[in-house]
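K.L.:
One structure, pasted below without further comment.
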Amino acid sequence: MTIDLANLNEITVRSDRAQTAVGAGNVWYDVYTTLQPMGLTVIGGRVSAIGVGGLTLGGGISFFSGRYGWACDNVNNYEVVLADGSIQEVSFSSPYSDLYWALRGGGNNFGIVTRFDLMTFPQGDLWAGSETFIYTPETAAAINDAFYFLGVNAPSDPYAQVITAYAYAQSVDAYIIASDLQYGKPVANPPILQNFTAVQGAIASTLRIVDQANLTIEFNDTNPGGFRYVSNPQDTNYKPSLNQDCRQTYWTLMVGNNATLMADMVAIYMDEIEPLKSVAGLVPSLVFQPITTDMILHFSKNGGNALGLDNQGPLNLVQIDISWSDIADDDRILTAAQNILDGCQAAASAVGLLNKYLYQNYASVGQGVFSGYGQNNLARLKAVSAKYDPAQVFQKLQPGYFKLN
Ligand SMILES: Cc1cc2nc3c(=O)[nH]c(=O)nc-3n(C[C@H](O)[C@H](O)[C@H](O)COP(=O)(O)OP(=O)(O)OC[C@H]3O[C@@H](n4cnc5c(N)ncnc54)[C@H](O)[C@@H]3O)c2cc1C
């Protein structure tokens, strides 16, 4: 049985403009294009086609997380269908405050959320975009240093964020480095990001003043979706064959903020990608995002979230993201992804910089996400699950994503 939430597409701003009721079937683009004309936004995804539900229940890193924390830290209230079929309003001040805590990072383990009431704030244009370089060790060193210093300096200006991706581009047979820079004000080249913009030799740049909805379209174009479904199956482009479509895998780890370790992880990634260069449709990326101390401070809002990340930052959230086209290459790709993960974990561990936390929304199917939340939080999550779902409907009957057990 599939439960399709697509028609739960309400987006209603409260009269005081401080909260928006967002139906769980929305994608972020629709949320942003509704709020933008009012000069408002919420904490949500950075890619237009991503859904509100999964992103928010797993954490949710936004353009504005330095100022407000992750998406799960900015849900005032959840409307949830519990395992017994009852519909409850779940907030910090409700009788369900334990469930409220668990939903902040607990994924699909507790119920089906039908509406998220999201904290809403004024927001105009950003200065943002992507700068792309051909990989050289010198360029990489400069960008890794810029990344390190952003992690350290972020509390001085929480409007800045960056995503730095190393990728192999088959079209030019070269590794490239792309830094997505985001500054939450319409101010070009702010001092906090100048370590990045000082790096010479970009082959492309889309940095400009831009509105949030358009920025999510740019990031959608550079992060093409998985299987190529079109909305109208009568469309002549409809291709149900797996072999012809894009396949994709995500894996993750969390490490301390350290430029040398970044270079070591890039070397491990390149070693694994080298023999795969001719794989059809290959787009392999190693992606770094600073998880800053100011971001983590917001995790304690309203009783805190379930993620188990206390303020040990700045940290570096690492994502291994590989796309390819042919089902016949699955084993090779997944073996390489596992090897990159193992190698990066070993490298981080060797220098005492491996963090136990795994970001659910970037994790691979075999990664034990919830053990990374810490023993106490996992025990608490299991207790909440036993209380609201004694027959364990969401653990046992609902396949997919990450289970507490
Ligand atoms: C191109 C791309 C860009 C991304 N960008 C970001 C980003 O900017 N920031 C970030 O933090 N993450 C990002 N992610 C990761 C993203 O958060 C996860 O992929 C997330 O699972 C997407 O949620 P969804 O609702 O679109 O997916 P779905 O596959 O629909 O949902 C994921 C899981 O959540 C459960 N679920 C969904 N909705 C509900 C609900 N209402 N109630 C109960 N359970 C539910 C489902 O059981 C499902 O198994 C990105 C991913 C991709 C592919």
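Its first residue numbered 61, the sequence shown is counted upward by one per residue in the working numbering. Every residue, glycine too, gets a C-beta built ideally from N, C-alpha and C.
Reducing DSSP to helix, strand and coil, say where Thr93 ends up.
P.N.:
Against the sequence shown, residue 93 aligns to sequence position 33. Looking at Thr93 - three-state DSSP - the assignment turns out to be helix.
K.L.:
Going by DSSP, what residues sit across from Phe193 in a beta bridge?
P.N.:
Residue numbering aside, residue 193 sits at position 133 when the sequence shown is read from its first letter. Phe193 is bridged to Ile237.
K.L.:
Can you check DSSP and say which residues form a bridge with Pro350?
P.N.:
As a first step, residue 350 is located in the sequence shown; it is residue number 290 there, counting from the start. Pro350 is bridged to Asn376.
K.L.:
Rounded to whole angstroms, what's the CA-CA distance from Lys442 to Leu394? Just pull it up for me.
P.N.:
Numbered from 1 along the sequence shown, position 382 holds the residue referred to as residue 442. Numbered from 1 along the sequence shown, position 334 holds the residue referred to as residue 394. Each residue's Cα considered, the two are about 30 Å apart.
K.L.:
I'd like the list of long-range same chain contacts for Ser216, defined as Cβ closer than 8 Å, with 5 residues on each side in sequence excluded.
P.N.:
Working through the sequence shown from its first residue, we reach residue 216 at position 156. So the qualifying residues of the chain are Ile252.
K.L.:
How long is the line joining the alpha carbons of Gln379 and Val141, rounded to whole angstroms?
P.N.:
Taking the first residue of the sequence shown as position 1, residue 379 is located at position 319. Taking the first residue of the sequence shown as position 1, residue 141 is located at position 81. Each residue's alpha carbon lies about 32 Å from the other.
K.L.:
Looking only at C-alpha atoms, which of Tyr226, Ala234, Ile277, Ala220 sits nearest to Leu241?
P.N.:
The count along the sequence shown starts at 1 and reaches residue 241 at position 181. Selected option, being the one with the closest Cα: Ala220.
K.L.:
Just the Cα atoms here: how many angstroms apart are Asn283 and Val107?
P.N.:
Translated into positions along the sequence shown, residue 283 becomes position 223. Translated into positions along the sequence shown, residue 107 becomes position 47. Going by the C-alpha atoms only, they are around 8 Å apart.
K.L.:
For the beta strand (DSSP E) that contains Ile103, what are its first and last residues?
P.N.:
Position 43 of the sequence shown, counting from 1, holds the residue named residue 103. It is not in any beta strand (DSSP E) - Ile103 carries neither H nor E in the DSSP assignment.
K.L.:
State buried or exposed for Gly261, treating a residue as buried only when at least 16 other CB atoms are found within 10 Å of its CB.
P.N.:
Sequence index remark: in the sequence shown, residue 261 carries index 201 (1-based). Flag for Gly261 reads exposed.
K.L.:
Taking the Cβ atom as the reference point for each residue, do Trp130 and Met314 lie within a distance shorter than 9 Å?
P.N.:
By one-based count along the sequence shown, residue 130 stands at place 70. By one-based count along the sequence shown, residue 314 stands at place 254. Result no, Cβ atoms of Trp130 and Met314 do not sit closer than 9 Å.
K.L.:
Applying the criterion that 16 or more other CB atoms from any shown protein chain within 10 Å of the CB defines a buried residue, is Gln372 buried or exposed?
P.N.:
If you number the sequence shown from 1, residue 372 lands on position 312. The residue is exposed, with fewer than 16 neighbouring Cβ atoms inside 10 Å.
K.L.:
Beta carbon of Ile466: closer than 8 Å to some heavy atom of ligand 1?
P.N.:
The structure shown does not extend to residue 466, since the chain spans only 61 to 465, so no value can be given for it.
K.L.:
Please work out which residues of its chain come closer than 8 Å, Cβ to Cβ, to Pro300, disregarding the five sequence neighbours upstream and downstream, and give them in chain order.
P.N.:
Here the question's residue 300 lines up with position 240 in the sequence shown. Note on Pro300: pLDDT 38, under 50, position unreliable in the model; no value is reported.
K.L.:
Helix, strand or coil for Tyr433 per DSSP?
P.N.:
Indexing the sequence shown from 1 puts residue 433 at position 373. Assignment of Tyr433 by DSSP, reduced to helix, strand and coil, places it in the helix class.
K.L.:
From which residue to which residue does the alpha helix (DSSP H) around Ala162 run?
P.N.:
Reading the sequence shown from its first residue, position 102 is the one you call residue 162. That run of the alpha helix (DSSP H) goes 157-163.
K.L.:
To which residues does DSSP link Arg307 through a beta bridge?
P.N.:
Locating residue 307 in the sequence shown gives position 247, where the first residue counts as 1. Answer by DSSP bridge pairing, in chain order: Trp384.
K.L.:
What is the DSSP secondary structure of Ala225, counted as helix, strand or coil?
P.N.:
Translated into the one-based positions of the sequence shown, residue 225 becomes position 165. In this structure, Ala225 counts as strand in the three-state DSSP scheme.
K.L.:
Do Leu100 and Thr80 count as a contact pair if the criterion is CB distance below 9 Å?
P.N.:
Position 20 of the sequence shown, counting from 1, holds the residue named residue 80. Position 40 of the sequence shown, counting from 1, holds the residue named residue 100. Against a cut-off of 9 Å, the Cβ pair of Leu100 and Thr80 comes out as a contact.
K.L.:
Relative to the C-alpha of Phe207, which residue among Ser385, Phe454, Pro350 is closest?
P.N.:
Numbered from 1 along the sequence shown, position 147 holds the residue referred to as residue 207. Among Ser385, Phe454, Pro350, the Cα nearest to that of Phe207 belongs to Pro350.
K.L.:
For the alpha helix (DSSP H) that Met322 lies in, which residues bound it at each end?
P.N.:
In the sequence shown, residue 322 corresponds to position 262, counting from 1. Segment 319-333, the alpha helix (DSSP H) holding Met322.
K.L.:
Does the contact criterion of 3 or more C-beta pairs under 8 Å hold for the segment 84-100 versus the segment 320-335?
P.N.:
With the cut-off at 8 Å, the segment 84-100 and the segment 320-335 do not touch.
K.L.:
Below 8 Å on the Cβ atoms is my contact criterion, and I expect Glu191 with Ser239 to pass it. Report the Cβ-Cβ distance as a whole number of Å.
P.N.:
The residue you call residue 191 lines up with position 131 of the sequence shown. The residue you call residue 239 lines up with position 179 of the sequence shown. That belief holds up - the Cβ atoms of Glu191 and Ser239 are roughly 5 Å apart, short of 8 Å.
K.L.:
Check whether the segment 164-177 touches the segment 117-128, counting contact only when three or more Cβ pairs, one atom from each stretch, lie closer than 8 Å.
P.N.:
yes
K.L.:
Given this structure, state the Cα-to-Cα distance separating Tyr422 from Ile382, to the nearest angstrom.
P.N.:
As a position in the sequence shown, residue 422 is number 362, starting the count at 1. As a position in the sequence shown, residue 382 is number 322, starting the count at 1. About 12 Å.
K.L.:
Using 8 Å as the cut-off, classify the Cβ of Asn477 as near or not near the heavy atoms of ligand 1, replying yes or no.
P.N.:
Outside the shown range of the chain (61 to 465) lies residue 477, about which nothing can therefore be said.
K.L.:
Is the segment 394-408 touching the segment 355-370, taking contact as three or more C-beta pairs under 8 Å?
P.N.:
no
K.L.:
Assign Gly363 to buried or exposed, taking buried as 16 or more other Cβ atoms, counted over all protein chains shown, within 10 Å of its Cβ.
P.N.:
In the sequence shown, counting from the first residue as 1, residue 363 sits at position 303. Flag for Gly363 reads exposed.
K.L.:
Can you have a look at Leu457 and say buried or exposed, based on whether 16 or more other CB atoms are within 10 angstroms of its CB?
P.N.:
Residue 457 sits at position 397 when you count from the first residue of the sequence shown. So Leu457 counts as exposed.
K.L.:
Which residues mark the beginning and the end of the alpha helix (DSSP H) in which Ile400 is found?
P.N.:
Counting from one through the sequence shown, the residue named residue 400 turns up at place 340. Taken as a continuous stretch (DSSP letters only), the alpha helix (DSSP H) holding Ile400 covers 390-410.
K.L.:
Under the assumption that Val270 contacts Ala188 (Cβ atoms under 8 Å), give the Cβ distance between them as a whole number of angstroms.
P.N.:
Looking up residue 270 in the sequence shown gives position 210. Looking up residue 188 in the sequence shown gives position 128. The beta-carbon distance between Val270 and Ala188, rounded to whole angstroms, is 6 Å. This is short enough to meet the 8 Å contact definition.
K.L.:
Say the cut is 8 Å; is the CB of Phe279 nearer than that to a heavy atom of ligand 1?
P.N.:
Here residue 279 refers to the residue found at position 219 when the sequence shown is read from its first residue. Yes.
K.L.:
Using DSSP's beta-bridge definition, name the partner residues of Gln427.
P.N.:
Numbered from 1 along the sequence shown, position 367 holds the residue referred to as residue 427. Beta-bridge pairing links Gln427 to no other residue.
K.L.:
Does the segment 337-346 come close enough to the segment 272-281 to have 3 or more Cβ pairs within less than 8 Å?
P.N.:
no
K.L.:
What's the C-alpha gap between Phe348 and Met98?
P.N.:
Along the sequence shown, read from residue 1 onward, the residue named residue 348 stands at position 288. Along the sequence shown, read from residue 1 onward, the residue named residue 98 stands at position 38. Phe348 and Met98 have their C-alpha atoms some 33 Å from each other.
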